[in-house]
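Engineer: Dumping the structure here so I can ask a few things about it.
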Amino acid sequence: MNVLYLLIPLALLIATGAAIAFIWVVRSGQLDDLDTPPRRIIADGE
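The opening residue of the sequence shown carries number 218 in our numbering; numbering runs sequentially from there.
Now the structure itself:
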């Protein structure tokens, strides 16, 4: 039972970090264009 006092805050900390990282990635525009890069790889190979 004592391990829960460590694991729950640790899980919340990791989840908060993941949420902050996701918000940062969305705001920086890295997820704006998901279709062009795969097409560019195919077009460059021809």
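Where is the CB? At the ideal position from N, CA and C, for every residue including glycine. As the structure is a computational prediction, the values presented were derived from the model and not from experiment.
Can you check whether the CB of Val242 is closer than 9 Å to the CB of Leu251?
Structural biologist: Cβ distance not < 9 Å, so Leu251 and Val242 don't count as in contact.
Engineer: Rounded to whole angstroms, what is the Cα-Cα separation between Ile237 and Ser245?
Structural biologist: Taking the straight line joining both Cα atoms gives about 12 Å.
Engineer: Would you tell me roughly how many angstroms separate the C-alpha atoms of Met218 and Leu224, rounded to the nearest one?
Structural biologist: Distance between the alpha carbons of Met218 and Leu224: 10 Å.
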